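Residue numbers (my numbering), protein chains in the order written: chain S, 1168 to 1487; chain L, 88 to 470.
Even glycine gets a Cβ: it sits at the ideal position worked out from N, Cα and C.
The structure presented is a predicted model; accordingly, all values stated were derived computationally and were not measured.
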Amino acid sequence: MDDILLDPFKRLLAHICTPSVIRDEEGRSGLAQCWGELEQSGFIDALLPESRGGAGLSLSEVFPLVVACGEAALPAPFAETMVARALLDKRGAELPTGAAIVLAPPSPVVPLAAKASHALVTANGRLSLIAMNAGASDPFRAGGYADQLKGETLLEVAAGGIDLQAWAAALAAAQMSGMMMRILDMTLRYANERQQFDRPLSKFQAIQHQLAVGAEYAVSAHTAAAIAMSGQHFDPLRAAAAKVCAGEAASKLCAIAHAVHGAIGVTEEYDLQIYTRRLKQWALAFGNERYWADVLGSARLGTEAGTSADFVRLHLGNME
Amino acid sequence: MSLLSAFPRTQIPDEAEKLRPQVKAFLEKSISHMRPQDRAKTWTGFDAEFSRALASHGWVGLTIPEGYGGGGRDAFARFVLVEELLAAGAPIAAHWIADRQSGPLLLRYGTEEQRQFYLPPICRGESFFCIGMSEPNSGSDLASVRTRAIRDGHSWRLTGSKIWTTYAHQSDYMIALVRTSGEPKDRQKGLSQFIIDLSLPGITIRPIRLGTLDSDFSELHFEDVRLPDNALVGTDGEGWTQVNAELAFERSGPERFYSALVLLDMWAERMRAEQCPQDREILGRLIARLASLRAMSIALTGRLAAGESPVIEAALVKDLGTSFEQDIPEIVAASVGAVPDRDADPDMLATLAYLLQLNHVFSLRGGTREILRGMIARGLGLR
Chain S
1168 MDDILLDPFK
1178 RLLAHICTPS
1188 VIRDEEGRSG
1198 LAQCWGELEQ
1208 SGFIDALLPE
1218 SRGGAGLSLS
1228 EVFPLVVACG
1238 EAALPAPFAE
1248 TMVARALLDK
1258 RGAELPTGAA
1268 IVLAPPSPVV
1278 PLAAKASHAL
1288 VTANGRLSLI
1298 AMNAGASDPF
1308 RAGGYADQLK
1318 GETLLEVAAG
1328 GIDLQAWAAA
1338 LAAAQMSGMM
1348 MRILDMTLRY
1358 ANERQQFDRP
1368 LSKFQAIQHQ
1378 LAVGAEYAVS
1388 AHTAAAIAMS
1398 GQHFDPLRAA
1408 AAKVCAGEAA
1418 SKLCAIAHAV
1428 HGAIGVTEEY
1438 DLQIYTRRLK
1448 QWALAFGNER
1458 YWADVLGSAR
1468 LGTEAGTSAD
1478 FVRLHLGNME
Chain L
88 MSLLSAFPRT
98 QIPDEAEKLR
108 PQVKAFLEKS
118 ISHMRPQDRA
128 KTWTGFDAEF
138 SRALASHGWV
148 GLTIPEGYGG
158 GGRDAFARFV
168 LVEELLAAGA
178 PIAAHWIADR
188 QSGPLLLRYG
198 TEEQRQFYLP
208 PICRGESFFC
218 IGMSEPNSGS
228 DLASVRTRAI
238 RDGHSWRLTG
248 SKIWTTYAHQ
258 SDYMIALVRT
268 SGEPKDRQKG
278 LSQFIIDLSL
288 PGITIRPIRL
298 GTLDSDFSEL
308 HFEDVRLPDN
318 ALVGTDGEGW
328 TQVNAELAFE
338 RSGPERFYSA
348 LVLLDMWAER
358 MRAEQCPQDR
368 EILGRLIARL
378 ASLRAMSIAL
388 TGRLAAGESP
398 VIEAALVKDL
408 GTSFEQDIPE
418 IVAASVGAVP
428 DRDADPDMLA
438 TLAYLLQLNH
448 VFSLRGGTRE
458 ILRGMIARGL
468 GLR
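Here it is in structure tokens:
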């Protein structure tokens, strides 16, 4: 199942999202030039029911696509738009054509917002879709939006118990896990190529052990993100576990990747910084590990019966 | 190794989940009287009577086929059982090694005669096993073992020593890795596995007392011990391969992250009475790590059930998992020590003191952190 869906999607990303495209998109606001192709690819409505022209897939089925967006550092809110379209459709709202939508709960920075035309926000128990005004600043220079999101409200629907913060955090965690796989992969390759003391870095035990730890963090974050993208809908506790693991892993893995690469890793011409810069931006967005850890800790303390193993099984154990 | 596909999404099947309420009900009756500091011993808490009570429910040798007295269940059912036993802090050391490793090993490599002889008493909780790996001069460098079995007509003569063997002094049998040909410099070649009846003449066993005054380990000497021909397990010279086949079972299970769960839950209980946002956040971080570890362990349970042997992935789970269970006592100690004017519950303090002394061992037993990271690095293509 994964492969007949994922392989063509990855081929598409490889075609439309090269490092030079990413650099080019960093230099300007507005929809990415590849947006049209992404929108027409059909993947964008993967979560819509078949009766509504979608593919009727579940969160767990589209999870590899979301990870792939992160892995490619796609400069477009594909995953967010896919989720927003399914949500709006379910609420009976008419889907805007050509809209690239970000989820924008309160956050010091909204990744990819400068690459979006619309944002989904919450106010007074309602979800609003706003058309964003142009002009944004992002200290991470990664197409995000660090200003107050403003714009004209196009439509409003009942929030109906939807926790936009959790939705955004879950998608962030999944894309972060993809970025981490890419960063790990680049670092493994570099360690095997770079020679010092007449041998590749990968032959030094100190380097091997750091990379083993890096792989552990990347896998742990990927697994937790899979937990967040399970079930019928996004859930605050599952999103919390995912964002905590992603945030913790991000800081460890960035440190390892840059330590192994040396100074070349932070240079404009080298690709590593494209991914680690975004990873740190996403880690800061939609509640970091401290924020979500407190959510999880409070929930655990609010559950008196059972062990922590029971808590995890009942609240964080659904993988389907 | 492709990391993305190494831990596939896996759900414990409903059939296996049906076991959980039964195990919970049994534990409610049988161990609720135990002190927390004793429950904190989990799979190093030895209680032969408890193991036999568990066996009377069919819960020892759960994955052994029914024809040999086992439960005939799959790896998922065993995950459920073991998760409940560990989370509650049941004293499962007596049958633990036989249940996790020796039984499955005999099933895989043993002769039909060996299976018929050894498996039914294992499943009845009447026959306890230990594993003879480390020696006084062979720790992480396991292939350097010197204990030697020499063929002598229709029997073998065994000479050497084993150390750090968990509960050898309370076990009936040891499955040992020994040299049958060549020299220590031949490394993995020439090693074989034997099943040793620990009541045989020529064997001396000395429990090793720990700083906690418990004796979890022992040291053994074999002086010209005569073993019957059928003491050999599997193939002469294939010991290293056979030992490695066990590793994925030994390193991927919930015992690699639940060893301090009893303390974690006591700490959570204490936290309910107060409002310390910092501790609440730290608790949340532990819960997140546990959720990820558990999902990873279940993913490997699925791969084991499918007949695969994800040895490197298991090393990854063990390294992450033992870090998690080692952190718990350190975190609780930091929390308790930060409020000097609050009385700590004596049971919690005793549990904490016990785990602070032995959490170092969590990443030693079953392959050290350094060995595991070396294996993971090789799996990543770095060596």
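Straight-line gap, residue i to residue j (C-alpha atoms, nearest Å)
i	j	result
G340 of chain L	T1354 of chain S	30 Å
L1378 of chain S	G466 of chain L	11 Å
R1349 of chain S	Q201 of chain L	50 Å
L314 of chain L	S1397 of chain S	55 Å
S189 of chain L	I218 of chain L	8 Å
G1209 of chain S	F1230 of chain S	16 Å
Q1332 of chain S	A1450 of chain S	14 Å
L350 of chain L	A127 of chain L	7 Å
A58 of chain L	R1467 of chain S	No information on residue 58 of chain L is available, as it lies outside the stretch 88 to 470 that chain L covers here.
T1443 of chain S	E1193 of chain S	15 Å
E1436 of chain S	D1330 of chain S	39 Å
S1218 of chain S	E1261 of chain S	15 Å
V426 of chain L	L377 of chain L	26 Å
W1334 of chain S	R195 of chain L	47 Å
I179 of chain L	D303 of chain L	13 Å
Cutoff 6 Å; reference residue i; Cβ partners in own chain excluding five residues on either side
i	result
A1290 of chain S	none
N446 of chain L	Q413, P416
N1300 of chain S	K1317, G1318
A1253 of chain S	L1214, L1215
M1168 of chain S	Any answer about M1168 of chain S is weak, because its pLDDT of 46 lies below 50 and its placement is not dependable; what the coordinates show is given next. Cβ neighbours of M1168 of chain S beyond the five flanking positions: none.
According to DSSP, residues forming a beta bridge with residue i
i	result
M121 of chain L	According to DSSP, which records beta bridges pairwise, M121 of chain L is partnered with nothing at all.
V320 of chain L	L:Q280
R235 of chain L	L:T246, L:R266
H308 of chain L	L:S248, L:T291
L1296 of chain S	S:L1287, S:L1322
L314 of chain L	L:W243
L1481 of chain S	None; L1481 of chain S has no bridge partner.
C217 of chain L	L:M261
R1366 of chain S	S:Q1363
S1397 of chain S	Answer by DSSP bridge pairing: none, since S1397 of chain S is not bridged.
Y1312 of chain S	S:V1277
E325 of chain L	L:L278
V1269 of chain S	S:A1286
Min CB distance residue i to chain S below 7 Å
i	result
P95 of chain L	no
M353 of chain L	no
S119 of chain L	no
L172 of chain L	no
S450 of chain L	no
Q203 of chain L	no
E368 of chain L	yes
M383 of chain L	yes
L90 of chain L	yes
Q98 of chain L	yes
A425 of chain L	no
Beta carbon proximity, residue i to chain L, threshold 7 Å
i	result
E1487 of chain S	yes
E1435 of chain S	no
T1474 of chain S	yes
L1180 of chain S	no
Cutoff 8 Å; reference residue i; Cβ partners in own chain excluding five residues on either side
i	result
L168 of chain L	L106, V110, W146, L149
S214 of chain L	A185, Y205, P208, D259, Y260
G1292 of chain S	A1325, A1326
E1319 of chain S	I1297, A1298
Proximal residues to residue i (C-beta, below 7 Å), its chain only, five neighbours per side dropped
i	result
G159 of chain L	P152, E153
Q444 of chain L	G298, T299
S346 of chain L	T129, E412, F449
S242 of chain L	R313, L314, P315, D316
D366 of chain L	M358, S422
I1351 of chain S	With the sequence shown as reference, residue 1351 of chain S is identified as Leu, and Ile is not the correct amino acid for it. G1381, A1382, A1385, L1420, listed in sequence order.
P1244 of chain S	A1267, I1268, V1269, L1279, K1282, A1283
E310 of chain L	T246, G289
Rounded distance between the beta-carbons of residue j and residue i, thought under 8 Å
i	j	result
A1426 of chain S	A1388 of chain S	Not quite, the Cβ-Cβ distance comes to about 19 Å (not below 8 Å), so this is no contact.
A255 of chain L	L307 of chain L	6 Å
V1234 of chain S	A1341 of chain S	6 Å
L1338 of chain S	L1404 of chain S	Incorrect: roughly 16 Å between the Cβ atoms, too far for contact.
V1411 of chain S	A375 of chain L	4 Å
R390 of chain L	S1227 of chain S	Not quite, the Cβ-Cβ distance comes to about 18 Å (not below 8 Å), so this is no contact.
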